[in-house]
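These protein sequences, in sequence, are chains A and B.
Mapping of the first sequence onto this note's numbering: position 84 corresponds to residue 84, and the numbering continues sequentially without gaps.
Mapping of the second sequence onto this note's numbering: position 139 corresponds to residue 139, and the numbering continues sequentially without gaps.
Number of protein chains: 2
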Amino acid sequence: MGNLTFSISGKNANSTRLDIKARQFKFIADEDASFGGLDEGPNPLEYLLAGYASCLNVVAHLVAKERNINLRGLEITITGNDLNPAKVMGQPTADRTGFQSLDVQFEVDSDADQETLDSWITEVRGRCPVGDNLANPTPIKISVNQLIEAN
Amino acid sequence: MGNLTFSISGKNANSTRLDIKARQFKFIADEDASFGGLDEGPNPLEYLLAGYASCLNVVAHLVAKERNINLRGLEITITGNDLNPAKVMGQPTADRTGFQSLDVQFEVDSDADQETLDSWITEVRGRCPVGDNLANPTPIKISVNQLIEAN
């Protein structure tokens, strides 16, 4: 398998709502009233956390299979902590603008003992692409152009 | 406005599909056949990119309003580049496991000139929480416990 590339695109419906396409899938991101939106979909930070949870789910099952860990069920809760909205709002702050940390909680239905589960989670964590992009710096290039529409 | 915390939770439907709840919203993440899934929803990496695009949309409109930039419309495309799946698959590699870089392309319908747009995007980039969590290291704590169900 060669290197992988994924793309999504989004079109603004208003100043908070983005209508997103990822291949054949269409979904909506929005803000609630506290950020001036109509709450018509999960917010951007919730999608970020959902991306991480779903990545962990896939890798968790992959590594469990490799290690013959019996995994009957799995629930993942992720909390993004201490986002200081000052910088978003253009106010002075020494804080970063994103979450200051993330907490991930796995609840598993399995016969494995705690030591086995801890070792499994350590490997899952290290092999999860989304977790890597969150835990470690990722170079980002942004460009802006005038929209030229054919229609 | 005090510091903000957001949480999501997900329950595995099978080894690739996660059924996610974020407040009142329910949505599905899955993998396509190349990763053993049924392609019943966007994949984890697409949600990650969608979270970033939708965050940029909100901050872009906020900063445009502050700067009196007329923004009639906006399209954002984000591409995650060069994800080497070796590490996910448990094979040796010197590459990181996530995207090696991200490219963001804004297409805007606006009267503003290119210099104005470039300056605007620089500020948008620096104030977007999701972008901060991707561009800079974020501490992550993971715990695992046996699921104890009441029902």
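Heads up, the beta-carbon is just placed ideally off N, CA and C, and yes, glycines get one too.
Taking a Cβ-Cβ threshold of 7 Å, none of the residues of chain A is close to B:Asn68; the smallest such distance is about 14 Å. Chain order gives the chain A residues near B:Ala22 as Pro42, Glu46, Ala50, where near means a beta carbon separation below 7 Å. Relative to the Cα of A:Leu62, the nearest Cα in the group B:Met89, B:His61, B:Ser7 belongs to B:Met89.
Our two residues, B:Phe25 and B:Ile8, have alpha carbons roughly 10 Å apart in a direct line. Within the same chain, Cβ atoms closer than 6 Å to the Cβ of A:Leu71 are found at Ala64, Ser110, the five residues on either side in sequence being excluded. Note: A:Ser7 is bridge-paired with B:Thr79 in the DSSP secondary-structure output. If the five residues before and after A:Asp95 are omitted, its C-beta is found closer than 6 Å to the C-beta atoms of Asn84, all from its own chain and listed in chain order. Take A:Asn14, set aside five residues on each side of it, and no residue of its chain has a beta-carbon closer than 7 Å to its own.
Just so you know, the alpha carbons of A:Glu107 and A:Thr79 end up roughly 14 Å apart.
Separation of the CB atoms of B:Asn81 and A:Thr5 is rounded to 6 Å, and the pair is thereby assigned contact status at 8 Å.
Per DSSP, B:Val59 is one residue of the alpha helix (DSSP H) stretching across 44-66. Interface annotation, B:Thr93: not in contact with chain A, CB-CB separation never under 8 Å. Taking all protein chains in view, the Cβ of B:Ser54 is crowded by 16 or more other Cβ atoms within 10 Å, so the residue is classified as buried.
Flagged as an interface residue toward chain A: B:Ala135, by a C-beta distance shorter than 8 Å.
Note on geometry: alpha-carbon atoms of A:Trp120 and A:Val144 lie some 43 Å from one another.
Of A:Ile20, A:Val58, A:Asp30, the smallest CA-CA separation from B:Ala22 is found for A:Asp30. In this chain, B:Ile121 is not harboured by any beta strand (DSSP E); it is covered by the alpha helix (DSSP H) spanning 114-127.
Apart from the 5 residues on each side of it in sequence, A:Phe35 sits with its Cβ closer than 7 Å to the Cβ of Thr16 in its chain, given in chain order. About 4 Å separates the beta carbon of A:Gly98 from that of B:Pro129, a gap short enough to meet the 8 Å contact definition.
A residue is called buried when at least 16 other Cβ atoms come within 10 angstroms of its Cβ; A:Glu66 does not meet this threshold and is exposed.
A:Leu18 and B:Ala112 have their alpha carbons spaced roughly 22 Å apart. The straight-line gap separating the alpha-carbon atoms of A:Glu115 and B:Val58 is approximately 43 Å. Across the structure, B:Leu117 and B:Glu123 are spaced so that their CA atoms are roughly 10 Å apart. About 5 Å separates the beta carbon of A:Thr138 from that of B:Leu134, a gap short enough to meet the 8 Å contact definition.
Under the Cβ distance rule, B:Glu115 does not count among the residues neighbouring chain A, no pair being separated by less than 8 Å. Beta-bridge partners assigned by DSSP to B:Gly73: B:Asp109.
Taken through DSSP and simplified to helix, strand or coil, B:Asn14 comes out as coil. Apart from sequence neighbours up to five positions away, the residues of its chain that approach A:Gly73 with a beta-carbon distance below 6 Å are Asp109, ordered along the chain.
As a beta-bridge residue in DSSP terms, B:Asn145 pairs with A:Glu107.
In the three-state reduction of the DSSP assignment, B:Phe35 falls in the helix class, which pools H, G and I. For B:Ala33, not one C-beta of chain A is nearer than 8 Å to its own C-beta. At least 8 Å separates the beta-carbon of B:Ile140 from that of A:Gly10.
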